[in-house]
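Worksheet: the structure to be examined is printed underneath.
Numbering (the numbering used here), first residue to last: 1328 to 1568.
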C-alpha cells in the first residue's frame, strides 16, 4: 500500500502529521501528549517489574491508557484516516487491474544468488534486547525500538577483519556496549535527554547533543567497530571488557 506512493507524497503526509501535533501542543496545552508520556513511563516501570503482580497490573493498566491517549492525538487520527483511504484506493484498483508477469528476453538469465541471513537482533518495541551469554556469530546490527534496554557484548563473538557496524535508534532506555581491548572504536551518539559514559569520557548533561569519539588507531587498524546510536531519553555506556 505505502510502497506504491511517491516519496514526496509520504513526506507530505508526515509533514501534515507533524503540523497537527504542533498545533495540538500549542493550542491544547499538550492535548493527549502529556497523558501518553506519563502512561508510557508507568507502563515501562511495570514492564521492568513484570515478574511481580503489581508490575503486571501497572503495565496493563497504563498500556491501555497509553493506547487511548495515542488514539486521541489529532496526528494519529489523521494517519488512521490516510491509511483507510489508501487501503480503499488500493482495493479498488486491485479489482480493476490484473497482475501482469514481466516478460524477459530469452537471452537474459538472472544467475545472481542471494543468501538470506538471520539478523543478530530483531526489532523490539517494548522489550529489552541483549546478545547471548555464550559464543555467537557476528552480524552487523541495525535496529530500532521504543522502550527497553539494549546490551551488546562483543567479547563473545569474533569480529571480522574489517569494520563491524552497530546502529541503534531508540526512544526510551539505556544502551550498553562492551568492547574487547584489541578492537578499535568509533562512536557517534545523539540524545535529547540522557548521559554518556564512553571509556574514560563522561557527559552527565547530554541534552539535545551529539557526541563523536574514535580511538587513536581507528583509521588504520582492524578489527574495528563503528557505533551509531540515537536515543530520545536514555544513557549510553561503552566500555572495555
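For every residue, glycine included, the Cβ atom is placed at its ideal position computed from N, Cα and C.
Under the three-state DSSP convention, the category residue i falls into
i, result
"residue 1528", "strand"
"residue 1348", "helix"
"residue 1519", "strand"
"residue 1391", "helix"
"residue 1418", "helix"
"residue 1406", "helix"
"residue 1371", "helix"
"residue 1538", "strand"
"residue 1384", "helix"
"residue 1343", "helix"
"residue 1377", "coil"
"residue 1448", "coil"
"residue 1485", "coil"
C-alpha gap between residue i and residue j, whole angstroms
i, j, result
"residue 1372", "residue 1382", "7 angstroms"
"residue 1529", "residue 1522", "8 angstroms"
"residue 1402", "residue 1374", "27 angstroms"
"residue 1622", "residue 1539", "Past the edges of the chain, shown from 1328 to 1568, lies residue 1622, and the structure says nothing about it."
"residue 1389", "residue 1502", "24 angstroms"
"residue 1451", "residue 1549", "31 angstroms"
"residue 1554", "residue 1513", "6 angstroms"
Spatially closest choice to residue i from the options, by CA coordinates
i, options, result
"residue 1552", "1398, 1377, 1537, 1485", "1485"
"residue 1385", "1397, 1367, 1399, 1533", "1367"
"residue 1480", "1466, 1542, 1460", "1460"
"residue 1511", "1494, 1527, 1517, 1489", "1489"
"residue 1518", "1556, 1483, 1524, 1543", "1556"
"residue 1363", "1400, 1393, 1474", "1393"
Identity of the residues DSSP links to residue i by a beta bridge
i, result
"residue 1512", "1552"
"residue 1503", "1478, 1564"
"residue 1470", "1495"
"residue 1456", "1477"
"residue 1557", "1496, 1517"
Assigned exposure category for residue i - 16 Cβ within 10 Å defines buried
i, result
"residue 1509", "exposed"
"residue 1504", "buried"
"residue 1516", "buried"
"residue 1477", "buried"
"residue 1562", "buried"
"residue 1491", "buried"
Contact test: residue i Cβ vs the ligand MN heavy atom, cutoff 7 angstroms
i, result
"residue 1406", "For the ligand MN, the structure offers nothing, since it holds no ligand at all."
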